[in-house]
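Peer 1: Below: one structure in structure tokens.
Spelled out as structure tokens, the structure:
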């Protein structure tokens, strides 16, 4: 279980994972050794999965965001495995979910422009049989984006 100090450490790291041990220790009023032990425990317990750099999609010419909703006519375990493996190979797919409701799956896709999206779409629908419907919507403007969990 995590306590208030652990949560404070996690909030700090979610804002800036490059903070030094000294900076974190000072912010949570601990000496470095107990702070380091907490960080190590949070990593060992899988609470901290990894530390990454968040990149600016516009500066990398990847600012076209699409949300792709998929219906399937095949709900077998075998098809599910093939579909998940196939979609997981597309680098454009940033997030991928199995859904409840009208659609079976949803993907967040990040590409350069509509032409690149169309190329992705064609590869997707031709990659596996059993897709009965694909609906795509496109983000016009990101209004909120965060990777920080609400602790």
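Numbering (full-length UniProt numbering), first residue to last: 1 to 151.
A virtual CB, placed ideally from N, CA and C, is assigned to each residue, including glycine.
1. Relative to the C-alpha of residue 64, which candidate in 25, 114, 40, 93 has its C-alpha closest?
2. For residue 112, does the three-state DSSP call read helix, strand or coil?
3. Which of helix, strand or coil does DSSP assign to residue 70?
4. Is residue 70 closer than 9 Å to residue 118 when the C-beta atoms are compared?
5. So, for residue 57: in the same chain, excluding its five sequence neighbours on each side, which residues have a beta-carbon less than 7 Å away from its beta-carbon?
6. Whole angstroms are fine: how far does the CA of residue 130 sit from the CA of residue 81?
7. Closer than 8 Å is the cut-off here; do at least three beta carbon pairs connect the stretch 5–12 with the stretch 26–39?
8. If you draw a straight line from the alpha carbon of residue 86 to that of residue 33, how long is it in whole angstroms?
Peer 2: This is what the structure holds:
1. Checked all of 25, 114, 40, 93; the closest Cα to residue 64 is 114.
2. Of the three classes helix, strand and coil, the one that applies to residue 112 here is coil, per DSSP.
3. Strand, per DSSP.
4. No; because the gap between Cβ atoms is not below 9 Å, this pair is not in contact.
5. If we look at residue 57 and ignore the five residues flanking it on each side, its Cβ neighbours are 63, 110.
6. In this structure, the straight-line span from the alpha carbon of residue 81 to that of residue 130 is close to 13 Å.
7. The answer is yes - the stretch 26–39 touches the stretch 5–12, with three or more Cβ pairs under 8 Å.
8. C-alpha separation (whole angstroms): 45 Å.
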